[in-house]
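Chemist: Here it is, the structure, as structure tokens.
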Amino acid sequence: MRIRSLTWPLLAVVPFLAACRTLVPSRAPRFPFVVSPAVADTIETEVLSSAVRLHRLVNVKAPWRAWVLDVNMSACATVQAVKGEPTAVGRNTTSVLLSRLPAASHAIAAVNADFFLFAPPGVPTNAHIERGTVIAGPGPNVLLGYDAPRGLFIDSVRVSGAVTSAHGTVDVLNWNRPAPNRAGLVDARWGVPLDTLVRTRALRLEPIVPVRQDTSTGRYIARTARSGDTLVFGDTLLLIVPPAQRARVLAGDTVTVQRRLTPYWPRETVGGRGVLLIDSVVGADVDKEGNAGFQGLNPRTAAGIARVGTSQRLLLAVIDGRQPGYSVGMTLRQTAELLQSLGAQRAINLDGGGSSAMIVRDNTTGALRVRNKPSDPTGERAVGNALAVLGVCGGR
Numbered sequence: 000m001r002i003r004s005l006t007w008p009l010l011a012v013v014p015f016l017a018a019c020r021t022l023v024p025s026r027a028p029r030f031p032f033v034v035s036p037a038v039a040d041t042i043e044t045e046v047l048s049s050a051v052r053l054h055r056l057v058n059v060k061a062p063w064r065a066w067v068l069d070v071n072m073s074a075c076a077t078v079q080a081v082k083g084e085p086t087a088v089g090r091n092t093t094s095v096l097l098s099r100l101p102a103a104s105h106a107i108a109a110v111n112a113d114f115f116l117f118a119p120p121g122v123p124t125n126a127h128i129e130r131g132t133v134i135a136g137p138g139p140n141v142l143l144g145y146d147a148p149r150g151l152f153i154d155s156v157r158v159s160g161a162v163t164s165a166h167g168t169v170d171v172l173n174w175n176r177p178a179p180n181r182a183g184l185v186d187a188r189w190g191v192p193l194d195t196l197v198r199t200r201a202l203r204l205e206p207i208v209p210v211r212q213d214t215s216t217g218r219y220i221a222r223t224a225r226s227g228d229t230l231v232f233g234d235t236l237l238l239i240v241p242p243a244q245r246a247r248v249l250a251g252d253t254v255t256v257q258r259r260l261t262p263y264w265p266r267e268t269v270g271g272r273g274v275l276l277i278d279s280v281v282g283a284d285v286d287k288e289g290n291a292g293f294q295g296l297n298p299r300t301a302a303g304i305a306r307v308g309t310s311q312r313l314l315l316a317v318i319d320g321r322q323p324g325y326s327v328g329m330t331l332r333q334t335a336e337l338l339q340s341l342g343a344q345r346a347i348n349l350d351g352g353g354s355s356a357m358i359v360r361d362n363t364t365g366a367l368r369v370r371n372k373p374s375d376p377t378g379e380r381a382v383g384n385a386l387a388v389l390g391v392c393g394g395r
């Protein structure tokens with residue numbers, strides 16, 4: 000079902016097409032979207048499910064073209080982080096990531112998500128938590144998360160753990176994000192070979208009672224790491240211990256391992272870079288994030304959260320760019336102002352450029368379609384992870 004909107008009631012005028020100025024407060028999103036002509040010349044809305052709409056916004060003057068998934072999280076819809084691989088390593092297109100979800104997930108659409116490394120390929124730069132499993136641990140930036148009690152949130156998540164022996168306690172600060180000067184744990188989901196310096200500071204923890212998905216505590220025996228301990232397999236863990244704490248856990252010790260995320264353990268997370276909106280106000284650092292090229296006109300993927308009473312809506316926007324005469328893209332500030340105009344109170348910038356992709360399942364045929372126009376000459380780019388929208392009731 001497609002709804003074409005060409006009427007323009009008086010709403011907050013968004014001035015970013017002429018110049019970057021301060022916006023008046025945003026309004027809650029509605030079905031179908033009706034926004035000021037200063038934002039878009041035309042809007043087309045497709046009904047993907049009872050809870051999900053897809054809006055296509057076109058501004059001819061700029062020019063730019065954007066696709067916005069509008070997800071009513073209080074209806075039969077939820078989200079899932081999708082890595083598509085058993086470990087943090089690996090790249091696939093957003094289309095492939097969406098196609099790998101089982102039919103029972105009722106996957107409707109997906110967008111690319113976090114920034115990622117090219118070597119090792121596809122490792123997300125921030126936390127990737129999928130169905131409660133930590134595949135890549137938290138980094139320094141904020142993330143987009145979801146769990147049933149809290150709903151959607153944009154926040155930071157930290158590791159809070161400990162490895163305790165008869166000789167003392169090592170405070171664990173990293174999990175599946177190894178660094179030579181921070182105590183951390185690495186499990187089999189990481190999948191990235193440890194570099195030489197990190198490996199020299201590692202102990203192998205062999206399980207007696209391993210930490211499981213539904214527990215946060217386990218018992219292990221500490222062993223000297225072997226030369227081949229660059230990867231972790233099974234229930235074994237590697238403990239990275241900086242020199243200043245090395246005397247607290249020795250080879251041969253029986254240790255208790257506690258690993259937690261704080262302030263909460265989300266069910267799903269993907270990372271981003273750049274907080275676009277905080278309480279409906281454009282983020283103070285939106286013009287300082289990254290270099291001038293990062294801040295400037297680019298294809299963009301971004302996520303906004305709109306709360307209306309007790310209901311939440313997720314707004315996933317993909318803006319095409321680097322295509323003169325068709326769509327030049329948006330700056331970080333313009334992306335923030337677009338989501339602000341559509342009703343978001345909080346928003347985060349996800350990976351953009353050639354990674355930006357909006358994939359939607361056809362209601363009739365079930366086929367997956369790339370709805371935007373990726374900027375790479377070869378089309379859709381392989382990425383590190385994606386965020387999928389599922390047509391599932393009750394938040395799973």
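So for the sequence shown, numbering that gives the first Met the number 0 puts the first residue at 0; every next one is plus one.
Just so you know, even glycine gets a beta-carbon here, dropped at the ideal spot from N, CA and C.
Only counting the same chain, and skipping five residues up and downstream in sequence, which positions put a Cβ closer than 7 angstroms to that of PRO373?
Modeler: GLY353, SER355, ALA356, GLU379 and ARG380
Chemist: Counting C-beta neighbours from all protein chains within 10 Å, is the total for ARG225 16 or more, i.e. buried, or is it exposed?
Modeler: Burial call: exposed.
Chemist: Hey, out of VAL256, VAL133 and SER48, whose CA is closest to GLY160's CA?
Modeler: VAL256
Chemist: Could you tell me which whole beta strand (DSSP E) segments of length 3 or greater appear in the region 102–128?
Modeler: 106–111, 115–117 and 120–123
Chemist: Report yes or no: do three or more beta-carbon pairs, one from the region 80–90 and one from the region 316–332, lie closer than 8 angstroms?
Modeler: Segments in contact, no.
Chemist: For the beta strand (DSSP E) containing ARG299, name the first residue and the last one.
Modeler: 299–307
Chemist: Taking LEU296 as the reference, which of GLN322, THR214, VAL281 and ILE42 has the closest Cα?
Modeler: GLN322
Chemist: On the DSSP letters alone, give me the boundaries of the alpha helix (DSSP H) that GLN244 sits inside.
Modeler: Element bounds for GLN244: n/a, residue is neither H nor E.
Chemist: Cα separation between GLY308 and VAL57?
Modeler: 30 angstroms
Chemist: Going by DSSP, what residues sit across from THR92 in a beta bridge?
Modeler: DSSP lists ALA381 as partners of THR92.
Chemist: Which word fits SER310, buried or exposed, when buried means at least 16 other C-beta atoms lie within 10 angstroms of its C-beta?
Modeler: exposed
Chemist: Using a Cβ-Cβ cutoff of less than 7 angstroms, which residues in the same chain neighbour ARG247 once the five nearest sequence positions on both sides are dropped?
Modeler: SER164, HIS166, GLY167, THR168 and VAL169
Chemist: In three-state terms, what does DSSP make of ALA356?
Modeler: coil
Chemist: For LYS60, count the other beta carbons within 10 Å of its own beta carbon; 16 or more makes it buried, fewer makes it exposed. Which is it?
Modeler: exposed
Chemist: Can you tell which of LEU53, ASP194, VAL162 and PHE232 has its C-alpha closest to the C-alpha of TYR219?
Modeler: Measuring from the Cα of TYR219, the nearest candidate turns out to be VAL162.
Chemist: Assuming THR334 is part of the beta strand (DSSP E), what are its boundary residues?
Modeler: No beta strand (DSSP E) holds THR334; the alpha helix (DSSP H) holding it covers 331–340.
Chemist: Distance check for THR261 and LEU172, CA to CA, integer angstroms please.
Modeler: Approximately 11 angstroms between the Cα atoms of the pair.
Chemist: Based on the DSSP output, what are the partners of ILE239 in its beta bridges?
Modeler: GLY183 and ALA201
Chemist: Have a look at ARG20 and ARG181 and give me their C-alpha separation to the nearest angstrom.
Modeler: For ARG20, the predicted model reports a pLDDT of 35, less than 50, meaning its position is unreliable; a value from the coordinates is still stated below. Approximately 42 angstroms, taken between the alpha carbons.
Chemist: For a test of the three-state rule: what should DSSP assign to PRO8, helix, strand or coil?
Modeler: Its pLDDT being 34, under 50, PRO8 is placed unreliably by the model, and the measurement read from it follows with that caveat. Coil.
Chemist: Report the three-state DSSP secondary structure of THR195 (helix, strand or coil).
Modeler: helix
Chemist: According to DSSP, GLU267 sits in a beta bridge with which residue or residues?
Modeler: TYR145
Chemist: Note the first and the last residue of the continuous beta strand (DSSP E) segment covering GLN294.
Modeler: Here GLN294 belongs to no beta strand (DSSP E); instead the alpha helix (DSSP H) covers 291–294.
Chemist: Output yes if chain C places a C-beta closer than 8 angstroms to the C-beta of GLY251; else output no.
Modeler: Judged by its chain identifiers, the structure shown contains no chain C, having just a single protein chain.
Chemist: Quick one: what does DSSP say LEU47 is sitting in, helix, strand or coil?
Modeler: coil
Chemist: With DSSP run on the structure shown, which of helix, strand or coil describes SER98?
Modeler: helix
Chemist: Quick check on ILE207: buried or exposed, where buried means 16 or more other Cβ atoms within 10 Å of its Cβ?
Modeler: exposed
Chemist: Give me the Cβ distance between ALA221 and ASP252, rounded to the nearest whole Å; I'm assuming they're in contact under 8 angstroms.
Modeler: Contact between ALA221 and ASP252 holds, with the beta-carbon distance rounding to 5 angstroms and staying under 8 angstroms.
Chemist: Drop a sphere of 10 angstroms on the beta-carbon of PRO120, count the other beta-carbons inside from all chains shown, and report buried for 16 or more, exposed for fewer.
Modeler: Exposed.
Chemist: State the start and end residues of the unbroken beta strand (DSSP E) segment that holds GLN311.
Modeler: 310–318 is the extent of the beta strand (DSSP E) around GLN311.
Chemist: Quick one, which of ALA243, SER48, PRO298 and SER279 has its alpha-carbon nearest LEU338's?
Modeler: SER279
Chemist: Just grab the DSSP bridge partners of ASN173 for me.
Modeler: GLY183
Chemist: Among the residues of its own chain, which have a CB less than 6 angstroms from the CB of PRO265, if the five just before and after it don't count?
Modeler: Beyond the five residues adjoining it in sequence on each side, PRO265 comes within less than 6 angstroms, by CB distance, of ILE128, GLY144 and ASP146 in the same chain, given in chain order.
Chemist: Spatial neighbours of THR229 within its chain, please: C-beta separation below 8 angstroms, excluding the five flanking residues on both sides.
Modeler: PRO192, LEU193 and ARG198
Chemist: Use the C-beta contact count for ARG345: other C-beta atoms within 10 angstroms, 16 or more gives buried, fewer gives exposed.
Modeler: buried
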